[in-house]
Amino acid sequence: MVIGIIILVVTAGLPFLFKQDWQVRLGALLGTAVTAVTVGSVAVPVLWSGSGWSNAWWNMDPFAALMTCLILFVYVTALLVSNRYLGHEYRAEIVSLSQVKMYFSLIHIFVLSMLMAVTTNNSMLVWIALEGTTLSSTFLVGLYKKRTSIEAAWKYIVLCSTGITLGLVGVLLVNYSAHAAGFGHDIFTLTSLRESAAGLSPEIIKWAFIFLFIGFGTKVGLVPMHTWLPDAHSKAPSPISALFSGILLNVALAVIIRFKQIVDGVLGGSEWTNNFFLTFGMLSVMLPALALLIQNNYKRMLAYSSIEHMGLISLAVALPPVGMVAAVIHMIGHTLTKSALFFGAGEFLLKWKTTKIEKIRNLMRVSPYSGTLFLVGVLAIIAAPISVLFASEYVLFGQLFLHHWILALVALVSLSLIAFAMLRLTFSLLYGRSDNSEEMERETWNVTHTIMTVQLILVFGLTFVLTSPAGLEFIGTIVKSVN
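Note that the numbering used here has the sequence shown beginning at 7, numbered continuously upward.
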């Protein structure tokens with residue numbers, strides 16, 4: 007992991023050594039490839055074997071390995087798309103060379119912070135890493151230096167930094183409780199805290215989790231701490247939006263799950279923490295059902311969909327142990343699907359220069375490849391059979407009806423409204439009329455379409471793999487490391 011971090015830091019500095027935009031983009035791609043191979047060589051064997059390792063600084067168990075692989079996947083695909091996306095915007099004089107350099111520097115710091123957040127075994131480093139994701143990505147949200155972009159960036163950093171500060175209070179309370187219990191040098195080590203959780207003070211740990219959940223829940227985008235998310239997703243460059251929705255939200259949720267393990271060990275059960283996930287999960291499913299009915303911006307539509315899916319994963323986390331199986335499968339499916347959708351949204355933005363749906367009509371005539379892939383992605387994200395999200399939601403609702411049938415009914419109605427709203431907006435986007443559609447050049451197949459195709463094949467193909475006996479055993483190994 008240390009070598010991977012060094013490579014990312016070096017790669018982040020490379021753009022400032024070059025004088026041409028193509029050199030910046032090529033250097034970023036080479037650094038990405040080396041990082042993916044280096045870090046992947048650590049994570050993949052753990053994920054494949056189901057047995058991990060840990061020390062005072064790092065913890066690479068199957069769950070951390072899965073999160074690492076998901077980060078690397080979106081990282082590589084986002085950089086490939088960014089190469090085309092930023093190259094196009096530079097040639098169109100939308101961004102300057104200095105902005106291109108800043109983009110390809112900060113994106114590596116952003117990924118470095120996410121990798122640290124899911125693999126470090128030190129509670130303070132977890133907090134530093136999450137704060138690092140905020141600081142590095144704020145400038146990416148405001149990359150275009152427009153008034154709306156700067157407003158979104160300010161809103162993002164103020165709200166998320168406030169949340170991260172609350173999270174710091176929670177981390178310090180956990181460490182204080184460990185110090186009072188005589189943990190010595192292990193007060194910061196997450197695995198030691200989990201293994202000896204029974205010695206911690208329940209009262210202090212409860213307060214710690216309240217701060218942790220609200221603070222880090224802001225980064226997850228759980229309602230009502232979600233208000234930064236639609237603006238940041240809609241104003242950031244589309245590959246960054248893919249990193250936000252596709253993996254950053256999952257990373258923050260994974261951190262909360264790690265601390266949940268400790269709290270459950272202290273309290274001798276998961277009922278108390280499950281109530282948090284149930285409450286905020288339901289709110290996060292219900293609000294998008296209303297918000298999507300009045301949307302006219304396709305990137306904001308995808309952002310509200312991300313809030314919904316974080317709510318669904320939270321509901322699944324609250325229903326262990328079977329619910330955690332659904333949560334892990336849903337994390338995988340959402341990462342693949344939502345990042346693909348934002349890549350498609352980027353193609354629309356490059357062609358039409360707007361995110362307003364009413365200004366993009368009859369899109370299928372002008373951009374048939376992007377439009378078709380986007381439609382398939384929307385069907386997958388609303389959990390149409392046979393997508394992997396359908397499989398995870400099938401398991402989730404089975405457990406939800408079994409334990410909380412009223413909540414299950416409310417969630418089912420909310421998801422129906424969300425599906426209706428997203429399909430209505432998508433068909434309006436793809437098949438509406440346009441006076442100037444004939445004047446626009448028809449798109450050709452490009453690297454973004456290839457990446458989206460691969461991702462969507464995985465979204466539908468993994469359904470059969472992950473629901474097979476071997477696949478469920480594989481998921482079970484991951485779940486055991488966080489239960």
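Beta carbons: idealized from backbone N, C-alpha and C, even for Gly. Being a predicted model, the structure only gives us computed values, none of them experimental.
- Per DSSP, the unbroken alpha helix (DSSP H) holding Thr168 starts and ends at Arg153 to Ala186.
- Within its own chain, the residues whose Cβ lies closer than 7 Å to the Cβ of Thr154, once the five positions on either side in sequence are excluded, are Lys241, listed in chain order.
- Between Leu421 and Val465, the C-beta spacing is not below 9 Å.
- By the neighbour-count criterion, in which a residue is buried when 16 or more other Cβ atoms sit within 10 angstroms of its Cβ, Trp411 is exposed.
- According to DSSP, Ser60 shares a beta bridge with Asn65.
- Bounds of the alpha helix (DSSP H) holding Asp270 are Leu255 to Leu273.
- Annotation for Thr459: the continuous alpha helix (DSSP H) segment containing it runs Val453 to Leu472.
- Scanning the stretch 354 to 424 from its first residue to its last, the whole alpha helix (DSSP H) runs of 4-plus residues come out as 369 to 372, 374 to 387 and 394 to 409.
- Within the same chain, Ile363 come within 7 Å of Ser434 by CB-CB distance, once the 5 residues on both sides are set aside.
- Checking the DSSP bridge columns, you'll see Asn128 partnered with Thr195.
- Between Asn452 and the set Val177, Leu254, Pro374 and Val30, the nearest pair of CA atoms involves Pro374.
- Judged by pairs of C-beta atoms under 8 Å, the stretch 112 to 129 does not touch the stretch 205 to 216, as fewer than three such pairs exist.
- Contact annotation: the stretch 93 to 101 does not touch the stretch 215 to 235, with fewer than three C-beta pairs closer than 8 Å.
- Assignment of alpha helix (DSSP H) within the stretch 301 to 355, counting only whole runs of 4 or more residues, yields 304 to 323 in chain order.
- Here Pro294 is buried: its Cβ has 16 or more other Cβ atoms, across all protein chains shown, within 10 Å.
- Of the candidates Ile387, Leu228 and Ala238, the residue whose Cα lies closest to the Cα of Leu284 is Leu228.
- A contact between stretches requires three or more CB pairs, one per stretch, nearer than 8 Å, and the stretch 72 to 82 meets this requirement with the stretch 33 to 48.
- Contact check for Thr197 against Val124 fails: the beta carbons are separated by 9 Å or more.
- In this structure, the straight-line span from the alpha carbon of Val106 to that of Ser345 is close to 21 Å.
- Out of Leu218, Ile484 and Phe189, the CA that lies nearest to the CA of Leu178 is found in Leu218.
- No residue range can be given for Ser487, since it is assigned to no alpha helix (DSSP H) and is classified by DSSP as neither H nor E.
- By the criterion of at least three beta-carbon pairs nearer than 8 Å, the stretch 183 to 201 is not in contact with the stretch 253 to 262.
- Residue range Glu277 to Ala297 is occupied by the alpha helix (DSSP H) that includes Leu293.
- Thr44 sits in a helix when the DSSP states are folded into three classes.
- Its Cα nearest to that of Gly138, the residue Met122 stands out among Lys151, Ala414, Met122 and Lys152.
- When DSSP states are grouped into helix, strand and coil, Ser102 belongs to the coil group.
- According to the DSSP assignment, Leu249 belongs to the alpha helix (DSSP H) that extends over Ser244 to Leu249.
- Around the Cβ of Val419, a 10 Å sphere holds fewer than 16 other Cβ atoms; the residue is exposed.
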